[in-house]
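A.B. asks:
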Amino acid sequence: MKDLVWIDGRILPAHEAHLPVYDRGFLYGDGIFETLRTYHGQIHALQPHLDRLQLSAEQIGLELRWSADELAGILGELLQAGGFPESYIRLMVTRGVGEFGLAPDLSEDQRLIIINRPLQPHPDTFWSGGVQAITVSQTGHRRGAQAKTSNYLPNLLALRLARQAGAHEAIRINGRDHVTEGSTSNVFILRRGTLFTPDLAAGVLPGITRQLLIGIARDAGVPLIEAPIPAAWLHEATEIMLSSTLREIVSVVQLDGKKVGAGSPGPVSLELLKRYRRLCGDA
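So in numbering that gives the first Met the number 0, the last spot in the sequence shown is 282, and the numbers never skip.
Right, here's the structure in full:
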């Protein structure tokens, strides 16, 4: 099973798909994207992802050429062409090619690129054993944090530090010494029986899984507060969770080399994972 790419109106094997060197997504990270996955061959939370794509486009001053229905149709066509048991999908829109220069009005047309890959799920031990994380200080308030843009260098550098430390993820701390998010995940902590997650004002991406998890936790009767989280609370937490489309909900069992809680996934995170999978139809 080989990766497929929808680009410029054609579905091609990934090795045959090419991007002009003057494409602004390549030159400047001038674009937006969404990461999606399927459960039982159906894209999970498609409409929320397309809604966020539209929000991202508005925040960078891009009027999308494609409607939500058109994008859904293209995605369906690409899924059918792949025929994979489950798919990992990356949908990208760049401002396109134009005269060389930074000004956005130099672009001539948008470009839509969608990658469809066979989903390679984590082993069950990923969730049953949990993961390690480190904290990384990154000062400054990220501009356009609620836009999922192609410029991911700060995230990449944070994750690089995590991997150098033998950890799975980096939990980022801003200049106010508050928790923001992981390099590619949202963060939840359980402290004194209450689940906390940074509010959007902290400069975090409004993750689709984050929003679903907030609803699941409240339905389960878990007290939950969206608020600024002092970094010190991470080391007082009895459970720490990461949420994202591909991770679902995974426990951090070691942070900065120290055990979180009992050093194993806690009951709240495991219950929320179970409920999340039930919601996805994958229980």
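Note that beta-carbon positions come from the ideal geometry of N, C-alpha and C, so glycine has one too.
Small disclaimer: the values here were computed from a predicted structure and weren't measured.
#1: Looking at the secondary structure, which residues open and close the alpha helix (DSSP H) in which Glu127 lies?
#2: Since Ser182 contacts Leu158 with CB under 8 Å, what's their CB separation in whole angstroms?
#3: If we count the other Cβ atoms within 10 Å of its Cβ and call it buried at 16 or more, is Leu204 buried or exposed?
#4: Once DSSP output is grouped into helix, strand and coil, what is the label at Tyr27?
#5: Tell me the residue span of the alpha helix (DSSP H) that contains Arg277.
#6: What number of angstroms, rounded off, separates the C-alpha of Gln41 from the C-alpha of Glu247?
#7: Considering only the beta carbon of each residue, do Ala102 and Gln131 sit closer than 8 Å?
#8: Is the CB-CB distance between Leu250 and Glu235 below 8 Å?
#9: Could you spell out the range, first to last residue, of the beta strand (DSSP E) harbouring Ile6?
#10: Whose C-alpha, out of Gly60, Ala146, Trp232, Ile31, is nearest the C-alpha of Ile113?
#11: Where does His177 sit, in a helix, a strand or coil, going by DSSP?
#12: Using the Cβ count rule (16 or more neighbours within 10 Å means buried), how would you classify Lys258?
#13: Closer than 6 Å by C-beta to Asn115: which residues in its own chain qualify, once you throw out the five before and the five after it? Chain order, please.
#14: What three-state label does DSSP hand Ala231 in the structure shown?
C.D. replies: By the coordinates alone:
#1: For the sequence presented, residue 127 should be read as Ser rather than Glu. Annotation: the continuous alpha helix (DSSP H) that includes Ser127 extends over 124-128.
#2: The pair is a contact, with the Cβ atoms about 4 Å apart (cut-off 8 Å).
#3: Residue environment: Leu204 is assigned as buried (16 or more neighbouring CB atoms within 10 Å of its CB, all protein chains considered).
#4: Helix at Tyr27.
#5: It spans 266-279 - the alpha helix (DSSP H) in which Arg277 sits, taken as one unbroken run.
#6: One C-alpha to the other measures close to 16 Å.
#7: Against a cut-off of 8 Å, the Cβ pair of Gln131 and Ala102 comes out as no contact.
#8: In the sequence on display, residue 250 carries Ser and not Leu. Going by C-beta atoms, Ser250 is not nearer than 8 Å to Glu235.
#9: For Ile6, the enclosing beta strand (DSSP E) starts and ends at 3-6.
#10: Comparing Cα-Cα distances from Ile113 to each of Gly60, Ala146, Trp232, Ile31, the minimum goes to Ile31.
#11: Strand, per DSSP.
#12: Burial call: exposed.
#13: Same-chain partners within the cutoff: Leu3, Leu77, Gly81, Ser86, Ile88.
#14: Here Ala231 carries a helix assignment [DSSP, helix/strand/coil].
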